[in-house]
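In this note's numbering, the protein residues as written are 287 to 592. Backbone N, C-alpha and C fix where the C-beta goes; we use that ideal spot for every residue, glycine too.
This is the structure:
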């Protein structure tokens, strides 16, 4: 089967409202948002695959979409390469069959990577001013990238020996995302994903890539556990007590403290009678050992999370 045949098969079953917006962007022709192609709002919570349009109109849209996609594949440039925020709202409204508020334009442009949400202005801060971020996972890296872009001195405290947070700890078989990767990534750091729903190792590699691309490692203290953080109102600063990997205790001061430790740390074990006397191996999926294996073992799994 040729790629052209594969595209034809995909377009034949694709969501019609989505194909209409593909046509708008590929051809630049906004007539696809007008009658007789105007979408009818879906009833209930289905995907509105037909858009409420007749079979004849649906087929016309599919034929035109396939033609436009093949032309683009052959080298024809997009007719509307970067829709403006106003145009994005128009497209969203047309594809949803209902009015979409103007404020969605900026957010959608950022999600498309057209206007990356990365701080673009340097901030003048007082001498000695600094920020401490707890955690080098997804949120911590995002904060670090923007603090560096703004020229604000900062330190990230990470108890593990690597970035990626939850994707460092979660290594159980099959661990991955249930959100498409183009959404589960930073708008300012697009990536050449190998799959729409990447597994754990590729996700970990992505956050490693972000740390390297933006030069964050010199600002990250790995192997550092935060024990306590108290705000000193007289100094107008946070006093943060930490323990390094070698057992050394240290107290840091920060003008601003950002908690990016996540909401699932540490993992919670259910109160199971006899767990403390169980002689076999046991662990939480969030703390799956690097050499953990279930081969040849009888396994009892408690809980049915992702």
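As a quick exercise: from the options, pick the residue whose alpha carbon is nearest that of residue i.
| i | options | result |
| --- | --- | --- |
| residue 499 | 508, 476, 299 | 476 |
| residue 543 | 518, 355, 469 | 518 |
| residue 389 | 540, 550, 381, 373 | 373 |
| residue 398 | 311, 378, 473, 351 | 473 |
| residue 345 | 298, 409, 394 | 298 |
| residue 277 | 529, 505, 504 | Outside the shown range of the chain (287 to 592) lies residue 277, about which nothing can therefore be said. |
| residue 457 | 516, 577, 377, 431 | 577 |
| residue 334 | 553, 292, 301 | 301 |
| residue 290 | 324, 484, 353, 308 | 353 |
| residue 573 | 325, 561, 554, 479 | 554 |
| residue 630 | 547, 560, 527 | There is no way to answer for residue 630, as the model of the chain reaches only from 287 to 592. |
Tell whether a beta-carbon distance below 9 Å holds between residue i and residue j.
| i | j | result |
| --- | --- | --- |
| residue 556 | residue 589 | yes |
| residue 440 | residue 416 | yes |
| residue 319 | residue 306 | yes |
| residue 445 | residue 512 | yes |
| residue 309 | residue 351 | yes |
| residue 523 | residue 541 | yes |
| residue 465 | residue 493 | no |
| residue 502 | residue 418 | no |
Grouping DSSP H, G and I as helix and E and B as strand, with all else coil, what is residue i?
| i | result |
| --- | --- |
| residue 576 | coil |
| residue 358 | helix |
| residue 657 | One cannot answer for residue 657 here, as it falls past the ends of the chain, which runs 287 to 592. |
| residue 485 | strand |
| residue 471 | coil |
| residue 425 | helix |
| residue 496 | helix |
| residue 452 | helix |
| residue 381 | helix |
| residue 391 | helix |
What are the residues that DSSP puts in a beta bridge with residue i?
| i | result |
| --- | --- |
| residue 348 | Paired residues: none, contrary to the question. |
| residue 525 | 516, 539 |
| residue 441 | 418 |
| residue 507 | 443 |
| residue 530 | 510 |
Touching by the beta-carbon criterion (3+ pairs, under 8 Å), the segment 324-335 and the segment 354-364
no
Do the segment 418-437 and the segment 445-454 touch if we need at least three Cβ pairs shorter than 8 Å?
yes
Decide yes or no for the touch test of the segment 424-439 against the segment 523-535: beta carbon pairs closer than 8 Å, at least 3 of them.
no
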